[in-house]
Amino acid sequence: MPPRASSRLTAFVLGPAGGAPATEVLLALSAEGEVDVVEGGADWTAHEAEREHFFANGQGGFRVVCPACEAQATSRFWKALEAWRQGGARTFTCTCGVSSDLAELQFFPAAGFAARWLRGAKAASLDLTPAAQARLESLWPGFRVVGSRG
Ligand SMILES: [Zn+2]
Numbered sequence: 018m019p020p021r022a023s024s025r026l027t028a029f030v031l032g033p034a035g036g037a038p039a040t041e042v043l044l045a046l047s048a049e050g051e052v053d054v055v056e057g058g059a060d061w062t063a064h065e066a067e068r069e070h071f072f073a074n075g076q077g078g079f080r081v082v083c084p085a086c087e088a089q090a091t092s093r094f095w096k097a098l099e100a101w102r103q104g105g106a107r108t109f110t111c112t113c114g115v116s117s118d119l120a121e122l123q124f125f126p127a128a129g130f131a132a133r134w135l136r137g138a139k140a141a142s143l144d145l146t147p148a149a150q151a152r153l154e155s156l157w158p159g160f161r162v163v164g165s166r167g
């Protein structure tokens, strides 16, 4: 049964810092006939920004964990993110004393920072097709897939 329109997601494929331009990556995927980046399809566009953006699902249940002590850090993460957006350092200091770049924290479900990304509107899933997976691994090593409802 095909997914209902309301069950569709917005999928983001986040490129690594210093990776190939998003337009080039999208073109490479399309040129190979791999327009279905994710299983079930999506409408893809390429994006670049001067500064990194933070991508996460817009739903409840989002958790952030310190990589050193595994303590729950969600609410303090949002405060640190806000401080970074206002021009502060992109640093999180845990109650265990360890400081990390915000990007090094563990996010459940997946989240991340990127200045270049592909946006898949009305994505049927977040499962990459095998061909897209292989292509992205060579063009954008360390890429991440983040999904958002609506
Ligand atoms: Zn910690």
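Take the sequence shown: its position 127, counted from the start at 1, is 144 in our numbering, and no numbers get skipped.
Backbone N, C-alpha and C fix where the C-beta goes; we use that ideal spot for every residue, glycine too.
For residue 134, which residues does DSSP report across the bridge? What you label residue 134 is simply residue 117 of the sequence shown in a count that begins at 1. The beta-bridge partner set that DSSP reports for residue 134 consists of 31 and 64.
Report the rounded CA-to-CA distance for residue 148 versus residue 73, giving the unit in angstroms. As a working note, residue 148 is residue 131 in the sequence shown. As a working note, residue 73 is residue 56 in the sequence shown. For residue 148 and residue 73, the distance between alpha carbons rounds to 25 Å.
Using the Cα positions of residue 152 and residue 67, report the straight-line distance between them to the nearest angstrom. As a position in the sequence shown, residue 152 is number 135, starting the count at 1. As a position in the sequence shown, residue 67 is number 50, starting the count at 1. Taking the straight line from one Cα to the other gives about 25 Å.
Confirm the yes/no value for this check: CB of residue 97, any heavy atom of ligand 1, distance under 6 Å. Your numbering for residue 97 matches position 80 in the sequence shown. No; taking the cut-off as 6 Å, the Cβ of residue 97 has no heavy atom of ligand 1 nearer than that.
Could you tell me whether the segment 26-34 touches the segment 99-116, where touching means 3 or more Cβ pairs closer than 8 Å? With a cut-off of 8 Å, the segment 99-116 and the segment 26-34 do not count as touching, because too few Cβ pairs lie within range.
If we call anything under 7 Å between Cβ atoms a contact, is residue 55 one with residue 131? Here the question's residue 55 lines up with position 38 in the sequence shown. Here the question's residue 131 lines up with position 114 in the sequence shown. Residue 131 is positioned such that its CB atom lies no closer than 7 Å to that of residue 55.
Taking the beta carbon of residue 160 as the centre, do at least 16 other beta carbons fall within 10 Å, making it buried, or is it exposed? As a first step, residue 160 is located in the sequence shown; it is residue number 143 there, counting from the start. Its Cβ being crowded by 16 or more others within 10 Å, residue 160 is buried.
I'd like to know whether the C-beta atoms of residue 65 and residue 39 end up nearer to each other than 7 Å. Against the sequence shown, residue 65 aligns to sequence position 48. Against the sequence shown, residue 39 aligns to sequence position 22. Note that the C-beta distance between residue 65 and residue 39 is below 7 Å.
Residue 111 versus residue 98 - alpha carbon distance: For the purposes of this step, residue 111 is taken as the residue at position 94 of the sequence shown. For the purposes of this step, residue 98 is taken as the residue at position 81 of the sequence shown. Roughly 14 Å between the two C-alpha positions.
Residue 61 and residue 137: beta carbons closer than 7 Å? Position 44 of the sequence shown holds residue 61. Position 120 of the sequence shown holds residue 137. Contact flag set, yes.
Hey, quick one: how far does the alpha helix (DSSP H) through residue 146 stretch, first residue to last? Numbered from 1 along the sequence shown, position 129 holds the residue referred to as residue 146. Run containing residue 146: none; DSSP gives neither H nor E here.
Does DSSP classify residue 110 as helix, strand or coil? Mapped onto the sequence shown, residue 110 falls at position 93. Residue state for residue 110 is assigned as strand, using DSSP reduced to three classes.
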